[in-house]
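All residue numbers for the sequence shown refer to my numbering, where the first residue is 1 and numbers rise by one.
Using N, Cα and C, we set each Cβ at its ideal position, and we do this for glycine too.
Here is the structure we will look at.
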Amino acid sequence: MLRFERGGTLNAQNQGAGLAHLRLGTARPLDFQRLRMGGNVGTDDLGPAGDEFRRRETLTGETAGQKPLRHIPQWTAKRSGLVHVKPLCQIDKAMTLAAPRVRKKARPAKVVQKTAARKKTVRKRAAAKPPAPREPAPRAATLLAWYARHRRHLPWRARPSEPADPYRVWLSEIMLQQTTVKAVGPYFERFLARWPRLQDLASAPLEDVLKLWAGLGYYARARNLHVCARAIVERHGGAFPDTEDTLRTLPGIGAYTAAAIAAIAFGRKATPVDGNIERVIARLHAIETPLPAAKPLIHAHAQALTPARHAGDFAQAMMDLGASLCSPKRPACALCPWNDACAAHRRGDAETFPRKTPKANGALRRGAAYVAVRADGAILARVRPPAGLLGGMMEVPTTDWTHDFDERDARAHAPFKAAWQRVPGVVRHVFTHFPLELTVYRARAAAGARPPKDARWIAGEDIAGEAFPNVMRKAIAHALGG
Ligand code: SF4
1 MLRFERGGTL NAQNQGAGLA HLRLGTARPL DFQRLRMGGN VGTDDLGPAG DEFRRRETLT
61 GETAGQKPLR HIPQWTAKRS GLVHVKPLCQ IDKAMTLAAP RVRKKARPAK VVQKTAARKK
121 TVRKRAAAKP PAPREPAPRA ATLLAWYARH RRHLPWRARP SEPADPYRVW LSEIMLQQTT
181 VKAVGPYFER FLARWPRLQD LASAPLEDVL KLWAGLGYYA RARNLHVCAR AIVERHGGAF
241 PDTEDTLRTL PGIGAYTAAA IAAIAFGRKA TPVDGNIERV IARLHAIETP LPAAKPLIHA
301 HAQALTPARH AGDFAQAMMD LGASLCSPKR PACALCPWND ACAAHRRGDA ETFPRKTPKA
361 NGALRRGAAY VAVRADGAIL ARVRPPAGLL GGMMEVPTTD WTHDFDERDA RAHAPFKAAW
421 QRVPGVVRHV FTHFPLELTV YRARAAAGAR PPKDARWIAG EDIAGEAFPN VMRKAIAHAL
481 GG
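Right, dumping it as structure tokens:
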């Protein structure tokens with residue numbers, strides 16, 4: 001049987017506290033070999049064995065449990081604390097008692113909340129960080145070598161040995177937003193021919209800029225282009241700022257455009273990530289998170305790939321890869337310089353990346369458009385409000401475009417009294433966030449008819465040169481039987 005004795009008086013302060021703080025492991029069942037090795041034993045283990053412990057003096061101000069295990073021998077030698085009694089089991093190693101588990105103090109609610117928030121942030125950061133690559137990592141140098149051989153020749157691009165012109169880079173990047181290279185080409189040439197320098201564009205009337213932009217869509221870009229040109233002249237003396245941060249303070253320049261200009265025009269280590277580049281990165285790493293939630297992770301991967309030198313070429317190489325081999329459908333992986341490092345290619349389902357959250361199409365909106373034709377062929381038009389959809393562009397008078405448009409009320413909204421005739425059929429147009437259906441009404445006006453307030457007559461031969469967006473051109477053509 002085991003017997004415990006205390007040879008001295010326990011200090012009242014340490015009563016219970018000493019043993020309660022013992023933090024030693026237990027050996028179950030009692031293993032004398034382990035004890036011989038200087039192991040530890042718990043109270044439970046000692047119960048059935050015949051052994052004896054004796055405490056020979058009071059533990060004052062210090063407890064066995066607060067001593068790290070490796071210090072126990074010295075401690076017992078000096079202080080004669082808990083000592084295993086030799087004669088009974090021939091073990092002369094120091095032993096201490098393991099107490100019931102120390103209960104932790106309950107932490108205040110504030111601390112718990114803070115810790116939880118900190119853990120959440122750490123988890124979030126970890127999720128945004130690219131995981132350690134398992135396969136051969138894609139290398140920037142490989143893509144740059146491919147780019148040197150296969151780069152696209154575009155009107156706004158500098159030749160390999162020439163420095164890039166920030167004005168051209170900026171103009172092209174604004175025009176290319178949501179628009180194809182093929183569509184942008186002629187617009188870019190026309191803008192550059194008309195306004196060869198930033199200062200020329202800044203001093204042009206907005207109306208002229210909108211006219212030259214007409215047909216390219218997303219007209220807010222044209223207004224911002226003009227405001228931005230003026231801001232660069234006024235705030236920066238006509239020279240483009242060369243850092244991402246300062247570029248972002250300019251009107252119409254967002255994160256992508258700022259990074260593109262900083263990298264391509266100024267060689268800064270910046271990472272523009274557009275839809276094409278998102279697709280390349282999502283495939284390279286087979287990112288399962290759907291867009292748009294995957295954007296931070298994709299950006300982190302793209303940043304990790306961006307080299308410190310030739311960042312501009314690298315950005316353009318990524319753009320070219322996304323626009324050519326790594327196409328949305330049937331990517332040409334066999335020709336891709338990164339095919340050995342591409343996770344989606346290895347899996348054989350590259351085309352399914354990037355994953356996307358299904359988009360709910362906007363509900364159909366409807367309205368009426370009124371095309372008044374003067375005897376000399378001029379049509380009535382007005383300028384749309386500066387802010388909002390197609391802001392500042394030209395339009396024929398229309399009703400609001402709503403989900404509950406009632407055609408029976410359409411004539412009541414016509415811009416002036418006349419014999420308005422409904423033109424058979426409807427004009428359909430799809431904006432990014434909703435489809436539109438316009439019912440078109442046509443009326444004739446006398447040669448000397450005065451235009452209503454805020455509207456004007458536009459001669460037939462000038463219609464093509466006015467800033468009518470495509471939906472309005474469709475409505476006019478529908479009314480004129482074109
Ligand atoms: S291997 Fe195929 S899917 Fe992967 S980056 Fe190249 S073209 Fe895109």
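The closest heavy atom of the ligand SF4 lies 8 Å or more from the beta carbon of H478.
Here P435 carries a strand assignment [DSSP, helix/strand/coil]. Within the DSSP secondary-structure output, Y441 pairs in a beta bridge with Y370 and R422. In this structure, L154 keeps its C-beta atom at 9 Å or more from the C-beta atom of A317. Counted as a single uninterrupted DSSP element, the beta strand (DSSP E) harbouring R428 occupies residues V427 to V430. Each residue's CA atom was taken as its position, placing R168 and H413 some 45 Å apart.
Per DSSP, A455 lies in no alpha helix (DSSP H) segment; the continuous beta strand (DSSP E) that holds it begins and ends at A455 to I458.
The beta carbons of I287 and R355 sit closer together than 9 Å. Annotation for L380: the continuous beta strand (DSSP E) segment containing it runs I379 to V383.
Minimum Cα-Cα distance from L321 among the listed residues Y441, E395, R384 and W146 corresponds to W146. A302 has its Cβ no nearer than 8 Å to any heavy atom of the ligand SF4.
For R365, the pairing in a beta bridge is given by DSSP as L436. Separation of the CB atoms of V396 and M472 is rounded to 6 Å, and the pair is thereby assigned contact status at 8 Å.
Contact residues of the ligand SF4 (beta-carbon closer than 7 Å to any heavy atom; chain order) are V280, R283, L284, L321, L325, C326, P331, A332, C333, C336, W338, N339, C342, A344, H345 and A350. Within a 10 Å sphere around the beta-carbon of D406 sit fewer than 16 other beta-carbons, which makes this residue exposed. A contact is defined here as three or more CB-CB pairs under 8 Å, and the region 426–446 meets this definition with respect to the region 367–386.
Inter-segment contact for the region 296–314 and the region 267–276 is present: three or more beta-carbon pairs are separated by less than 8 Å. Counting along the chain, E173 sits inside the alpha helix (DSSP H) bounded by residues P166 to L176.
A258 is positioned such that its CB atom lies no closer than 9 Å to that of L380.
K329 carries a coil assignment under DSSP once its states are collapsed to helix, strand and coil. With a threshold of 16 other beta carbon atoms within 10 Å, H236 falls short and is exposed. DSSP places L225 in the uninterrupted alpha helix (DSSP H) bounded by A220 to H236.
Listed as beta-bridge partners of E461 by DSSP are no residues whatsoever.
Look at T398 here: in three-state DSSP terms it is strand. A residue is called buried when at least 16 other Cβ atoms come within 10 angstroms of its Cβ; A378 meets this threshold and is buried. Within the same chain, no residue comes within 7 Å of A117 by CB-CB distance, once the 5 residues on both sides are set aside. When DSSP states are grouped into helix, strand and coil, K356 belongs to the strand group. Across the set L225, V184, K182 and E234, the C-alpha of L225 shows the shortest separation from the C-alpha of L201.
Fewer than three pairs of CB atoms, one per stretch, sit closer than 8 Å, so the region 273–292 makes no contact with the region 218–232. Annotated three-state conformation of L154 is coil, per DSSP.
R279 and C326 have their alpha carbons spaced roughly 8 Å apart. In the structure shown, the three-state DSSP call for L390 is coil.
Ranked by Cα distance from V233, the options T243, A220, L250 and D245 are led by L250. A220 places its beta carbon less than 9 Å from that of G391. Beta-bridge annotation (DSSP): L291 is paired with K356. Residue environment: G252 is assigned as buried (16 or more neighbouring CB atoms within 10 Å of its CB, all protein chains considered).
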